[in-house]
Amino acid sequence: MVIKSRELGNVVIFDIQGEIIRTDTAQEALHSLVQAQLDRGRRNVLLDLGGVEFIDSFGVGQILASYISTQNLGGKLKLCRISNKLLLIFQITMLHKVLDIHEDCDRALESFGKT
Amino acid sequence: MADRRLERFLKRFGDVRGHEARAAQSLSAFFFLITATFYIIKPVKESFLIGFAAPRWWSYADLATALLIGFVVALNARLLDRLPRRTYLTASLLFFIASILVFWYVFGIRLGGLVSSPVADASGMLFFLWAQDFVSASWPAPVLAFSLWADVFIAMSVTQFWISVNDIFDPHQAKRLVGLFVTGGLFGGIAGASAAALMTFARVIEADDLLLVCPVLLALAVVMVNVIYAGQRKFDASAGDERLAASPKVGILESSRIVRRDRYLRLLAAMVAAAIVAGSLINYQFKTVVKSFYQNDQTRTSFIAVFFLAILVVSAAIHLLTTGRVLKSYGIRWAIAVAPAVLLAASATVFLIPAGAMLIWALAVRGGDKMFDNTLSQSVRELLYVPVAADVKYKAKVFIDVFVNKFATGLAAGLFLVLQYVRQFDYRPDTLSGKLAVIQEIGVLALAVLALWLVLTRLVYGKYPAELKKDLRRIWKPGQEVLDDNLDTRLVSDVFEAIKNRDRSEALYLMNIFDLVKANSLTPEMKELLGIKRDEIKARNMDALFESGSAGSLYPGLADENIQREIDLIYLLPSYQKIMDENLGRIVGSSSDVDRIEAANSICRMAPSSPTMDALAKLLQDPSPDVVLYALNSAAVHRRPEHAPLVLRQLANPMAVGDAQTALAAYGPDAVDLVAPLLRSAGEPPEVRRAVPEVLARIGTQEAADLLVTELARRRDDMEQPLVEALSKIRAERPRVRFREQDLRPELRFLIRKACDVLLDPPGPPDAAKAALDIRLRRVFDLLTLLYPREDIVNDYQHILQGTPRSVDYALEHLDNLLDREDKELLFPLIEDLPDRERVLRLKKALRLK
Numbered sequence: 001m002v003i004k005s006r007e008l009g010n011v012v013i014f015d016i017q018g019e020i021i022r023t024d025t026a027q028e029a030l031h032s033l034v035q036a037q038l039d040r041g042r043r044n045v046l047l048d049l050g051g052v053e054f055i056d057s058f059g060v061g062q063i064l065a066s067y068i069s070t071q072n073l074g075g076k077l078k079l080c081r082i083s084n085k086l087l088l089i090f091q092i093t094m095l096h097k098v099l100d101i102h103e104d105c106d107r108a109l110e111s112f113g114k115t
Numbered sequence: 116m117a118d119r120r121l122e123r124f125l126k127r128f129g130d131v132r133g134h135e136a137r138a139a140q141s142l143s144a145f146f147f148l149i150t151a152t153f154y155i156i157k158p159v160k161e162s163f164l165i166g167f168a169a170p171r172w173w174s175y176a177d178l179a180t181a182l183l184i185g186f187v188v189a190l191n192a193r194l195l196d197r198l199p200r201r202t203y204l205t206a207s208l209l210f211f212i213a214s215i216l217v218f219w220y221v222f223g224i225r226l227g228g229l230v231s232s233p234v235a236d237a238s239g240m241l242f243f244l245w246a247q248d249f250v251s252a253s254w255p256a257p258v259l260a261f262s263l264w265a266d267v268f269i270a271m272s273v274t275q276f277w278i279s280v281n282d283i284f285d286p287h288q289a290k291r292l293v294g295l296f297v298t299g300g301l302f303g304g305i306a307g308a309s310a311a312a313l314m315t316f317a318r319v320i321e322a323d324d325l326l327l328v329c330p331v332l333l334a335l336a337v338v339m340v341n342v343i344y345a346g347q348r349k350f351d352a353s354a355g356d357e358r359l360a361a362s363p364k365v366g367i368l369e370s371s372r373i374v375r376r377d378r379y380l381r382l383l384a385a386m387v388a389a390a391i392v393a394g395s396l397i398n399y400q401f402k403t404v405v406k407s408f409y410q411n412d413q414t415r416t417s418f419i420a421v422f423f424l425a426i427l428v429v430s431a432a433i434h435l436l437t438t439g440r441v442l443k444s445y446g447i448r449w450a451i452a453v454a455p456a457v458l459l460a461a462s463a464t465v466f467l468i469p470a471g472a473m474l475i476w477a478l479a480v481r482g483g484d485k486m487f488d489n490t491l492s493q494s495v496r497e498l499l500y501v502p503v504a505a506d507v508k509y510k511a512k513v514f515i516d517v518f519v520n521k522f523a524t525g526l527a528a529g530l531f532l533v534l535q536y537v538r539q540f541d542y543r544p545d546t547l548s549g550k551l552a553v554i555q556e557i558g559v560l561a562l563a564v565l566a567l568w569l570v571l572t573r574l575v576y577g578k579y580p581a582e583l584k585k586d587l588r589r590i591w592k593p594g595q596e597v598l599d600d601n602l603d604t605r606l607v608s609d610v611f612e613a614i615k616n617r618d619r620s621e622a623l624y625l626m627n628i629f630d631l632v633k634a635n636s637l638t639p640e641m642k643e644l645l646g647i648k649r650d651e652i653k654a655r656n657m658d659a660l661f662e663s664g665s666a667g668s669l670y671p672g673l674a675d676e677n678i679q680r681e682i683d684l685i686y687l688l689p690s691y692q693k694i695m696d697e698n699l700g701r702i703v704g705s706s707s708d709v710d711r712i713e714a715a716n717s718i719c720r721m722a723p724s725s726p727t728m729d730a731l732a733k734l735l736q737d738p739s740p741d742v743v744l745y746a747l748n749s750a751a752v753h754r755r756p757e758h759a760p761l762v763l764r765q766l767a768n769p770m771a772v773g774d775a776q777t778a779l780a781a782y783g784p785d786a787v788d789l790v791a792p793l794l795r796s797a798g799e800p801p802e803v804r805r806a807v808p809e810v811l812a813r814i815g816t817q818e819a820a821d822l823l824v825t826e827l828a829r830r831r832d833d834m835e836q837p838l839v840e841a842l843s844k845i846r847a848e849r850p851r852v853r854f855r856e857q858d859l860r861p862e863l864r865f866l867i868r869k870a871c872d873v874l875l876d877p878p879g880p881p882d883a884a885k886a887a888l889d890i891r892l893r894r895v896f897d898l899l900t901l902l903y904p905r906e907d908i909v910n911d912y913q914h915i916l917q918g919t920p921r922s923v924d925y926a927l928e929h930l931d932n933l934l935d936r937e938d939k940e941l942l943f944p945l946i947e948d949l950p951d952r953e954r955v956l957r958l959k960k961a962l963r964l965k
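So the protein sequences, as listed, match chains A and B.
Counting with the numbering used here, you get residues 1 to 115 for the letters of the first sequence.
Counting with the numbering used here, you get residues 116 to 965 for the letters of the second sequence.
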């Protein structure tokens, strides 16, 4: 998994590539990266999952932990460019009712301005 | 530049900020002119009433005021409804100017033999003769009418002033500026009373001619009203504020209904009424004493003017020196009770004084009552309206300030009349001892009412914080709460594991599906996926997720309760256990991850035989994080002491820490002793120590909470965040757990001081400093939830972060009444909207730094 972060306006975007899964290779977890941005005072986080092939329960845990940390500070965490396959799993598990999921990232970015 | 100078000047009297300065100055000037006018009228009114009317007429005057005020309020309401605020205030001031000239003319006819007439011809002379005859025949009715008029004037103009304040400023602004306005009022009173005292004392002017000064002052008030509302219109146009545009309508019936329906407003009205009744009874005592000591009109008017002047000077000094400090340091809680408590004690001394000291006693008690009324009580009364919703406040305030106020005056007059009749005051000897007996008898009644007033202050304050927070609703839910309300996170995790395992091992996949079915927590969509509408699923391009031959077609079978029971029974079969005991070691030693994962998963359903538990121990040390995940789940089911150290070791594994925390929490209260050494040991890796508080939070016992507080007291920077978050979690989920104030208070202060340090010595550029301060404040508020009602603190925090200006004010006011004094002094400069320079100054003052 490769995670790159960038800022656009008041939104921190995480471009994620690969799989968000439990692995034995040492790497910084998504949640700690999000937390670091929250600690810097950022409150709007967008996870661009366009390059994500698979997520396991660990990956979902990371996304949910990031959501909780952001929400607790009154911030917003949104997801964009999620694959159909992942979207269906998210729908089955009701995650789509909690997480703000957008088809494309531009709309997701726009929606930060509206909320 | 001029604005800054004005702001600096006004800051001496109140907490004035930026653009408020001009409006605050104009409103203070408005109040100054009103009170100056009143304190010129007041000695004339009091002196004439005492001198020209028998004591029973004092009651009649008050009763008449009380009755008339209802009509006046109704008229006020109608005019407020129909006229723009600026027009209404201007018109009512012009009315008062005209009527004061009429009274001056009438008194001139009686007292000075005034011969001038509006029209100096024959018809004018006729009118004058008729007027002279009429005034003489009806005397002292004009004095009573003047008394009535003066009461209406002060009630209306003061109410109109506070309505203007409400129009221009929001509650928190008003609270900051109330000191400035009261100062303006006090200085106005001093100016008016000084003018009256000097002119009558030096006999520059006759008592009734004092009234001629008033129209000039009121004309200036008219100018001020127009300046205020003209400036406000400009401000509204630029800020889009609709406060003036949407002035609420006021009707007496509706106002009374609003007060009757609301317990807080009822108590507030009762408290105001008790204060008025007590004050009126004290005033009757005062008048009785003054009447017996001063017979001459001019001397009496001069004495009363000097008395009011002295009260106002003392009031101004006390107000400037103490009111703000008392309110800031002790809040409304104690400030509200000061007046009734002191007056109760002072009034009780009437039974101890000799007749010769009666005048001094009356001056002290009446002076005390008026002084409180001018300073602390007035400020407190206005602040008590702060939590009331804007539209309700407006209507209730008019009703209480005018109608209840005068009703109480009438009630006091009625009580005085009854007492006078029953105790036959008119037939008492006109000696000092006779008058002392009279004021002692009034004193019994006054003491009872003062005691009632004191009780009512406690009842009102009891409701005050609840009123403040009534409109403070949560802005957002905590993240965990949102997830708990909408998701079964365990199910989500299981579904993702099932999908992941589908390609890895069919057996493991079936185990996952079996668990999901058995838990009976599948969503309809999931069931659909498992076999009912497989074609549709394919059409949605779900690859081969649940294709034929896998769980999709097995779902109906797995869902069968008999099959579920059979599978459970298989796990309990001795033969199954024997075979598994013999083979688990081999499976666990397999080089295949899948074999080991299947074993780790199955162990949670197996009986805890020794070989099975040994196998689990090995799996807990497996190099594969997937194996460890399932092993941790099985360890959480069996909760064997021998596995605890292995589970603890996984706290250092970033891939397994969450599941390790869950497994340890499953051990229950026993796990506190297991994890405590990790928390205390400096030799443990930081990530392990930082993972422990969450375990304790999930255990959530009193012992776990106490351990967290103890660790917090060690004040290690790296542990602060997890400890505070864990404590906050316990507070949220375990309301029965108690936190000792003596343990937590020092830690709270320590955290607030750390937040202050961030502001005084920023760790980097402004953005970084703000972020650091946000983190610190978050921890402070998390700790506050342990000492104060959690819901209130969370709401206040959210509104301070993201509320509207008005809701931020309510949140601050609520905290102001909730928090400990020292906590407030340190915390408020951090959370109030202040200019940077002033914030730093206040912090330094609070921290006692130079």
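Beta carbons: idealized from backbone N, C-alpha and C, even for Gly.
Query	Result
Outcome for B:Pro330 when other beta-carbon atoms lying within 10 angstroms are tallied against a minimum of 16	buried
Which of helix, strand or coil DSSP assigns to A:Glu7	strand
Beta bridge counterpart(s) of A:Ile13 as assigned by DSSP	A:Arg6, A:Leu46
Enclosing alpha helix (DSSP H) for A:Ile68 [first to last residue]	57-72
Burial state of B:Thr464 (16 or more Cβ within 10 Å)	exposed
8 Å Cβ cutoff met for B:Asn910 and B:Lys584	yes
Whole runs of the alpha helix (DSSP H) within the region 373-446 of chain B, excluding any shorter than 4 residues	378-408, 412-433
Collapsed DSSP secondary structure at B:Cys719 in the structure displayed	coil
Beta-carbon gap between B:Leu209 and B:Val337 smaller than 8 Å	yes
CB contact below 8 Å: A:Ala36 versus chain B	no
Rounded C-alpha distance that separates B:Ala311 from B:Asp324	10 Å
Cβ of B:Val597 within 8 Å of any chain A Cβ	yes
Proximal chain B residues relative to A:Leu49, where beta-carbon distance stays under 8 Å	Neighbours of A:Leu49 on chain B: none; closest Cβ ~14 Å, over 8 Å.
Where the alpha helix (DSSP H) through B:Ile515 begins and ends	Careful: B:Ile515 lies outside any alpha helix (DSSP H) and carries neither H nor E.
Beta-carbon gap between B:Arg448 and B:Gln913 smaller than 8 Å	no
Any C-beta of chain D under 8 Å from that of A:Val45	Among the chains of the structure shown, chain D does not appear; the protein chains present are A and B.
Bridge partners - A:His102, DSSP secondary structure assignment	A:Cys80
Presumed contact (8 Å Cβ cut-off) between A:Asn72 and B:Gly594, rounded CB distance	5 Å
Neighbourhood of B:Cys719 by C-beta, 7 Å cutoff - its chain only, sequence neighbours within 5 removed	Asn748, Ser749, Val752
Length at least 4, wholly inside the region 896-939 of chain B: the alpha helix (DSSP H) runs in chain order	905-917, 920-933
Sub-8 Å separation of B:Ser608 and A:Gly61 beta-carbons	yes
8 Å Cβ cut-off: residues of chain B touching A:Asp15	Neighbours of A:Asp15 on chain B: none; closest Cβ ~22 Å, over 8 Å.
Check whether B:Ile814 and B:Ala780 have beta carbons under 8 Å apart	yes
Straight-line gap, B:Ser663 to B:Asn616 (C-alpha atoms, nearest Å)	Legend: pLDDT at B:Ser663 = 39, less than 50; position of this residue unreliable, no value from coordinates given.
Contact list for the region 612-629 of chain B against chain A, Cβ threshold 7 Å	Glu612, Ile614, Lys615
A:Ile55 at chain B interface by Cβ criterion, 8 Å	yes
B:Gln913: contacting residues in chain A (beta-carbon distance under 8 Å)	Gly74
Contact list for the region 763-788 of chain B against chain A, Cβ threshold 7 Å	Pro769, Met770, Gly773
A:Phe54 (DSSP reduced to helix, strand or coil)	strand
Contacting residues, own chain, Cβ-Cβ under 6 Å from B:Asp710 (five flanking each side not counted)	Ile702
In DSSP terms, what A:Gly18 is bridged to	A:Val52
Backbone CA spacing between B:Leu794 and B:Arg868 [nearest angstrom]	25 Å
Boundaries (first-last residue) of the alpha helix (DSSP H) holding B:Trp254	Looking at the DSSP string, B:Trp254 is not in any alpha helix (DSSP H), and its letter there is neither H nor E.
B:Arg894 vs B:Leu866 beta-carbon contact at 8 Å	yes
A:Asn10 versus A:Asn44, A:Leu49, A:Gln37, residue with shortest Cα-Cα distance	A:Asn44
Any C-beta of chain B under 8 Å from that of A:Ser69	yes
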